[in-house]
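Visitor: Residue 41 in the working numbering sits at position 41 of the sequence shown, with consecutive numbering throughout. Note that CB positions come from ideal geometry on N, CA and C, so glycine has one too. Before I ask anything, let me first share the structure, which is written out below as structure tokens.
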Amino acid sequence: MPYLVLALAVLAETIGTTALQASQQFTRLWPSLLTVAAYAAAFYLLAWVLRFFPVGVAYAMWSGLGIVFIALIGFAVFGQKLDWPAVLGMAMILGGILVIHLFSTATPH
């Protein structure tokens, strides 16, 4: 269950960050409201996850997955380019998350 809630927190953060880009620096009402609501949900869900994960581990997974998803959305939706060092760095982030998930005793399995 903690992993599902963490995934929902990542999803909410990803929606909030995508809406933040669409809000054009909070000059568009609906994307701005979505940004605030999604970030509120993301932080609430992340706070719930902290009952089960150490804060550093939870934040590493939350922020790392958020970085990768936002980069992919930026590429697919907003036409932002990713060079090979950026792709390599994000692959390393995903690798780090896998190491935490597969080998760390700090997370519930």
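Under the assumption that valine 77 contacts isoleucine 93 (Cβ atoms under 8 Å), give the Cβ distance between them as a whole number of angstroms.
Guide: Wrong, their Cβ atoms sit about 20 Å apart, outside the cutoff.
Visitor: Would you mind stating whether alanine 37 and leucine 46 have Cβ atoms separated by less than 9 Å?
Guide: It is not a contact, given that the beta carbons lie outside the stated cut-off.
Visitor: Can you name the start and end residues of the alpha helix (DSSP H) that alanine 40 belongs to?
Guide: 29-49 is the span of the alpha helix (DSSP H), which, as asked, contains alanine 40.
Visitor: Is phenylalanine 26 buried or exposed, if buried means 16 or more other CB atoms sit within 10 Å of its CB?
Guide: Classification of phenylalanine 26: exposed, given that the 10 Å Cβ count is below 16.
Visitor: Is there contact here, the segment 19-35 with the segment 47-66, by at least three beta-carbon pairs under 8 Å?
Guide: They do not touch, by the three-pair rule.
Visitor: My understanding is that leucine 29 touches alanine 19, with C-beta atoms under 8 Å, so please give their C-beta distance in whole angstroms.
Guide: Actually they are not in contact, since the Cβ atoms of leucine 29 and alanine 19 sit about 11 Å apart, beyond 8 Å.
Visitor: Alpha carbon to alpha carbon, what distance is there between glycine 66 and proline 85?
Guide: Rounded to the nearest angstrom, the two C-alpha atoms are 18 Å apart.
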